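As structure tokens, the structure follows; a few thoughts come after it.
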Amino acid sequence: MLNENEPETRSLTRTIEEQASAGAVSASTSRATAEEDKVIIADATGSLPPHVVRDLLSIGVCFRCVLRLLGVHGHVYSCTSLSPSILCAVLEESKPNCGGVEESGLEPIDDSNVLQKALFCSVCMGILQFSNVDEGGVLVRRDGARELAASVAEFVKRDGHDIDGFAIDILIPSIVSANEHAARLHMKKKYGSERWFKERLHNDSITVKDALRLSITNTLETLLGVESGVDSFQIRLTYTHTKASPNIPKFAEVNQPHKRRKTGMLGLYCTTDASSSIDEFQINGSEDSEHTSGVADSVIKKCLNSMQDKEFSEHFESPPTKVDRPCQLELHCHRATIYIGGRYLKYSRNVSQTKWIIDDERMGEASVEEIIGSNILPVCRGDNYKFHAAGREDIDVRMLGSGRPFLLEVHNARCLPSMVPIDIMEKRINSLDSKLVRVKNLKMTGNQGWALMREGEAEKQKQYVALVWSSHPIKEDDLQSLSSVKDMQILQKTPIRVLHRRSPLVREKIIHWMKVEKLDGNTQYFLLHLCTQAGTYIKEFVHGDFGRTHPSIGSMLGCRAEILQLDVTDVKMDCFN
Numbered sequence: 001m002l003n004e005n006e007p008e009t010r011s012l013t014r015t016i017e018e019q020a021s022a023g024a025v026s027a028s029t030s031r032a033t034a035e036e037d038k039v040i041i042a043d044a045t046g047s048l049p050p051h052v053v054r055d056l057l058s059i060g061v062c063f064r065c066v067l068r069l070l071g072v073h074g075h076v077y078s079c080t081s082l083s084p085s086i087l088c089a090v091l092e093e094s095k096p097n098c099g100g101v102e103e104s105g106l107e108p109i110d111d112s113n114v115l116q117k118a119l120f121c122s123v124c125m126g127i128l129q130f131s132n133v134d135e136g137g138v139l140v141r142r143d144g145a146r147e148l149a150a151s152v153a154e155f156v157k158r159d160g161h162d163i164d165g166f167a168i169d170i171l172i173p174s175i176v177s178a179n180e181h182a183a184r185l186h187m188k189k190k191y192g193s194e195r196w197f198k199e200r201l202h203n204d205s206i207t208v209k210d211a212l213r214l215s216i217t218n219t220l221e222t223l224l225g226v227e228s229g230v231d232s233f234q235i236r237l238t239y240t241h242t243k244a245s246p247n248i249p250k251f252a253e254v255n256q257p258h259k260r261r262k263t264g265m266l267g268l269y270c271t272t273d274a275s276s277s278i279d280e281f282q283i284n285g286s287e288d289s290e291h292t293s294g295v296a297d298s299v300i301k302k303c304l305n306s307m308q309d310k311e312f313s314e315h316f317e318s319p320p321t322k323v324d325r326p327c328q329l330e331l332h333c334h335r336a337t338i339y340i341g342g343r344y345l346k347y348s349r350n351v352s353q354t355k356w357i358i359d360d361e362r363m364g365e366a367s368v369e370e371i372i373g374s375n376i377l378p379v380c381r382g383d384n385y386k387f388h389a390a391g392r393e394d395i396d397v398r399m400l401g402s403g404r405p406f407l408l409e410v411h412n413a414r415c416l417p418s419m420v421p422i423d424i425m426e427k428r429i430n431s432l433d434s435k436l437v438r439v440k441n442l443k444m445t446g447n448q449g450w451a452l453m454r455e456g457e458a459e460k461q462k463q464y465v466a467l468v469w470s471s472h473p474i475k476e477d478d479l480q481s482l483s484s485v486k487d488m489q490i491l492q493k494t495p496i497r498v499l500h501r502r503s504p505l506v507r508e509k510i511i512h513w514m515k516v517e518k519l520d521g522n523t524q525y526f527l528l529h530l531c532t533q534a535g536t537y538i539k540e541f542v543h544g545d546f547g548r549t550h551p552s553i554g555s556m557l558g559c560r561a562e563i564l565q566l567d568v569t570d571v572k573m574d575c576f577n
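Numbering of the sequence shown is given in full-length UniProt numbering, commencing with residue 1 and proceeding in unit increments.
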């Protein structure tokens, strides 16, 4: 008689057999990988002097830094089975725990047992041992690069970015460069007369950053399912340490004058060096505080190399001291700013261009900046935004006609720039119930959008229509006189209403043309259509601002003139048309 559970039992048996088979395949693959890695390691390390390797390991240098200091390049750093035992075996020096961190798991950094366990690399301070202190002060020990890559991949996925590629950026404490220099000085004093040292002395060693990048990149590509390279999406690993030295930035400032580079259009400057990207290094004068310096790798290396051995030894120990606390690691994902340009139209006389608050009281019912930004940001899933426009209109002035060019920076967008749904953004804004603002000609643009706006800013012309009242009835001759104006030059002192925030200057501006439209049944009101040079104060041009603008509509008519309403009808720029 058949057991009624037999089909289920057979199914379970097949599952177990399949898992066992998959495990066997995986184990077989791992063994094959280990053998391939061993061949690569043997090729890379076959010519290394074993006695120097032993010496470096004995002073607390990890095996990856040993390879770096001895000038080993290539794919050996990406070998997943690279370990102290493998290195020692290849060098016929089978010693356990030679420079590696064998334990894994989590434990508090203040645990008194830490001092009794394996110390961290005296050069890289645990970076190439893939161990670190996390942001919560917990010591994280990993068995290898795979575990670090898995942690990074998990963080990227948790951060919610859509990616089609990535770049890895690594920031390290400046003391690591000093440690490396100290280790080289130790080798120079001890082995400077040996032939191998003279041969390898001029070889540029791979940096800690590059070694770490090689160690985790292949695994990251597999886990994230995309390739690495130059990409707008950046994964940043920032390592800091309380043992950072204040001497390095001091020397760097003496040896390398800082250059100031403007970033974007926001007036932000950062210190950099012509041959390197902007890197941050931790400087520290105490155990409890950390500060950031913009001293670049190449600057630090240059100033260290320029120091005499005696001078260096006055500030740093050689060989470098052993370390019982690894670096702290902070992960951060960031996509380069994306730019969305277009033109906006404003239909309300109670909407400012940007958020306007005076004495904690909001001016106007809304702002163009908020209406556009708050509807685009959630679509891009960004952190925040910045709004920029080609000029501005007062809160009581409408923006009609072709609209005003604007550019919106979206910072750290989670969606791919190529997948940003422009049509959805435009529809979302234009279908708002308030109908205060509309947008048109939205498009993705690079930072060249800045150039387009800046080029047109100085040369642009603007057209207006104003409702004007005059204290005297307007005659036909007055209408003809105003309408005959062509490229009239006026002088405008900074208006009284903006003197509190603008420099007191005299500005020359051009009124390109004017046209007067009479209103039926009233001789003291008329519509003034005019085209002016960008930056002309239209309200002051009408009423004269107590003689601070000359000529003005009031002086030309020989009476008092006041502007009652103003609309911008066109901003002539070859930008987002």
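Even for Gly, the Cβ is constructed at its ideal location relative to N, Cα and C. Note that this is a predicted model, so its numbers are computed, not measured.
| request: Note the first and the last residue of the continuous alpha helix (DSSP H) segment covering ASP169. | output: Looking up residue 169 in the sequence shown gives position 169. Taken as a continuous stretch (DSSP letters only), ASP169 belongs to no alpha helix (DSSP H), being part of the beta strand (DSSP E) at 167-171.
| field | Helix, strand or coil at THR292 according to DSSP, with G and I counted as helix | value | Here the question's residue 292 lines up with position 292 in the sequence shown. With a pLDDT of only 37 at THR292, under 50, the local geometry of the prediction cannot be trusted, and no value is derived from it.
| query | Where does the unbroken beta strand (DSSP E) through HIS332 begin, and where does it stop? | reply | Within the sequence shown, numbered from 1, the residue matching residue 332 stands at position 332. That run of the beta strand (DSSP E) goes 328-335.
| field | Closest by C-alpha distance to PRO320, when choosing among ASP134, MET187, TYR239 | value | Counting from one through the sequence shown, the residue named residue 320 turns up at place 320. Minimum Cα-Cα distance from PRO320 among the listed residues ASP134, MET187, TYR239 corresponds to MET187.
| task | Note down the Cα distance separating ALA534 from TYR347, rounded to an integer number of angstroms. | result | As a position in the sequence shown, residue 534 is number 534, starting the count at 1. As a position in the sequence shown, residue 347 is number 347, starting the count at 1. Distance between the alpha carbons of ALA534 and TYR347: 21 Å.
| Coarse secondary structure for LYS462, derived from DSSP in three states | Walking along the sequence shown from the start, residue 462 turns up at place 462. Here LYS462 carries a strand assignment [DSSP, helix/strand/coil].
| query | Can you list, in chain order, the stretches of the alpha helix (DSSP H) that have 4 or more residues and sit fully within the stretch 516-549? | reply | Look at the stretch 516-549 and you find these whole runs of alpha helix (DSSP H), each 4 residues long or longer: 538-543.
| said: When you compare the CB positions of ARG548 and LYS509, do they come within less than 8 Å of one another, or not? | reply: For this step, residue 548 is matched to residue 548 along the sequence shown. For this step, residue 509 is matched to residue 509 along the sequence shown. A distance of 8 Å or more separates the beta carbons of ARG548 and LYS509.
| Is it buried or exposed for ARG404, if we count other Cβ within 10 angstroms and need 16 for buried? | In the sequence shown, the residue the question calls residue 404 occupies position 404. So ARG404 ends up on the buried side.
| What are the partner residues of HIS411, as DSSP defines its beta bridges? | As a first step, residue 411 is located in the sequence shown; it is residue number 411 there, counting from the start. DSSP lists ASN384 as the beta-bridge partner residues of HIS411.
| said: Does ARG236 come out as helix, strand or coil in the three-state DSSP assignment? | reply: Translated into the one-based positions of the sequence shown, residue 236 becomes position 236. ARG236 falls in the strand class under three-state DSSP.
| Cα-Cα, which of TYR77, GLN308, ARG501 is closest to SER205? | What you label residue 205 is simply residue 205 of the sequence shown in a count that begins at 1. With distances taken between Cα atoms, SER205 lies closest to TYR77.
| field | Whole-number beta carbon distance between ARG343 and LYS440, since they are thought to touch under 8 Å | value | Counting from one through the sequence shown, the residue named residue 440 turns up at place 440. Counting from one through the sequence shown, the residue named residue 343 turns up at place 343. Yes, they are in contact, since the Cβ atoms of LYS440 and ARG343 sit about 5 Å apart, within 8 Å.
| field | Among PHE406, VAL133, ALA149, nearest to CYS575 - alpha-carbon criterion | value | On the sequence shown, residue 575 is found 575 positions in, with the first residue counted as 1. Nearest of PHE406, VAL133, ALA149 to CYS575, Cα basis: PHE406.
| query | For the candidate residues HIS512, MET556, ASN522, whose alpha-carbon lies nearest to that of ASP478? | reply | The residue labelled residue 478 in the question sits at position 478 within the sequence shown. Just measuring C-alpha positions, the residue of HIS512, MET556, ASN522 sitting nearest ASP478 is MET556.
| field | Residues of its chain near VAL542, where Cβ-Cβ distance is below 8 Å and the 5 sequence neighbours each way are ignored | value | As a first step, residue 542 is located in the sequence shown; it is residue number 542 there, counting from the start. Excluding residues within five positions, the ones whose Cβ falls inside 8 Å are ALA466, VAL468, LEU528, SER552, ILE553, GLY554, ALA561, GLU562, ILE563.
| message | Once DSSP output is grouped into helix, strand and coil, what is the label at PHE120? | response | Locating residue 120 in the sequence shown gives position 120, where the first residue counts as 1. If DSSP states are grouped into helix, strand and coil, PHE120 belongs with the strands.
| query | Exposed or buried, what is HIS500 when buried is set at 16 or more other beta-carbons lying within 10 Å of its beta-carbon? | reply | Here residue 500 refers to the residue found at position 500 of the sequence shown. Answer is exposed; the Cβ neighbour count stays below 16.
| task | Find the nearest neighbour of ARG398 within the set GLY391, ILE41, ASP567, judged by alpha-carbon distance. | result | Position 398 of the sequence shown, counting from 1, holds the residue named residue 398. Nearest C-alpha to ARG398: ASP567.
| request: Grab me the residues of CYS124's own chain with a C-beta within less than 7 Å of its C-beta, minus the 5 sequence neighbours each way, in chain order. | output: Here residue 124 refers to the residue found at position 124 of the sequence shown. Closer than 7 Å at the Cβ level, and outside the excluded window around CYS124, lie CYS62, CYS65, VAL176, VAL208.
| task | Kindly indicate the opening and closing residues of the beta strand (DSSP E) around ARG438. | result | By 1-based counting over the sequence shown, the position of residue 438 is 438. It spans 437-445 - the beta strand (DSSP E) in which ARG438 sits, taken as one unbroken run.
| CYS531 versus LYS462, PRO504, GLN565, LEU345, residue with shortest Cα-Cα distance | Your numbering for residue 531 matches position 531 in the sequence shown. Residue LYS462 holds the alpha-carbon nearest to the alpha-carbon of CYS531 among LYS462, PRO504, GLN565, LEU345.
| request: Note down, in chain order, each residue of its chain lying with its Cβ closer than 8 Å to the Cβ of CYS559, except the 5 sequence neighbours on either side. | output: Taking the sequence shown and counting its residues from 1, one reaches residue 559 at position 559. Once the five neighbours on either side are set aside, the close Cβ partners of CYS559 are SER470, SER471, HIS472.
| query | Got a sec? Which residues, its chain only, sit under 8 Å from LYS190 by beta carbon, not counting five neighbours each side? | reply | Counting from one through the sequence shown, the residue named residue 190 turns up at place 190. So the list reads ASP55, once near-sequence residues are dropped.
| request: Check whether the Cβ atoms of GLY60 and LEU119 lie closer than 8 Å to each other. | output: As a position in the sequence shown, residue 60 is number 60, starting the count at 1. As a position in the sequence shown, residue 119 is number 119, starting the count at 1. For GLY60 and LEU119, yes; Cβs fall inside 8 Å.
| query | How about the stretch 367-384 and the stretch 303-311: do they share at least three Cβ pairs that are nearer than 8 Å? | reply | Touching, no.
| field | Among ASN522, HIS75, LEU57, GLU361, nearest to GLU36 - alpha-carbon criterion | value | Along the sequence shown, read from residue 1 onward, the residue named residue 36 stands at position 36. Comparing alpha-carbon positions, the option among ASN522, HIS75, LEU57, GLU361 lying closest to GLU36 turns out to be HIS75.
| request: In angstroms with no decimal places, state the Cα-to-Cα distance between CYS270 and LYS301. | output: Your numbering for residue 270 matches position 270 in the sequence shown. Your numbering for residue 301 matches position 301 in the sequence shown. At CYS270, the pLDDT of 29 sits below 50, so the modelled position is not reliable and the matter cannot be decided from this model.
| Taking C-beta to C-beta, are CYS327 and ASP159 nearer than 8 Å? | The count along the sequence shown starts at 1 and reaches residue 327 at position 327. The count along the sequence shown starts at 1 and reaches residue 159 at position 159. Result no, Cβ atoms of CYS327 and ASP159 do not sit closer than 8 Å.
| Which residues does DSSP pair with TYR344 in a beta bridge? | By 1-based counting over the sequence shown, the position of residue 344 is 344. DSSP lists ARG404, VAL439 as partners of TYR344.
| request: Assign LEU220 to buried or exposed, taking buried as 16 or more other Cβ atoms, counted over all protein chains shown, within 10 Å of its Cβ. | output: Within the sequence shown, numbered from 1, the residue matching residue 220 stands at position 220. Buried: at least 16 other Cβ atoms inside 10 Å.
| Count the other CB atoms within 10 Å of the CB of SER58; is the residue buried (16 or more) or exposed (fewer)? | For the purposes of this step, residue 58 is taken as residue 58 along the sequence shown, with counting starting at 1. Residue burial is scored here from C-beta neighbours: SER58 has fewer than 16 other C-beta atoms within 10 angstroms and is therefore classed as exposed.
| message | Please classify ALA153 as buried or exposed, where buried requires at least 16 other C-beta atoms within 10 Å of its C-beta. | response | For the purposes of this step, residue 153 is taken as the residue at position 153 of the sequence shown. It counts as buried.
| Is the distance from the Cβ of ARG335 to the Cβ of ASN412 below 8 Å? | Residue numbering aside, residue 335 sits at position 335 when the sequence shown is read from its first letter. Residue numbering aside, residue 412 sits at position 412 when the sequence shown is read from its first letter. Going by C-beta atoms, ARG335 is nearer than 8 Å to ASN412.
| Residues that SER352 bridges to, as DSSP identifies them | Within the sequence shown, residue 352 is the residue found at index 352, counting from 1. DSSP output for SER352 lists SER367 as bridge partner(s).
| field | Whole-number beta carbon distance between VAL156 and LEU214, since they are thought to touch under 8 Å | value | If you number the sequence shown from 1, residue 214 lands on position 214. If you number the sequence shown from 1, residue 156 lands on position 156. Not a contact, Cβ separation roughly 19 Å.
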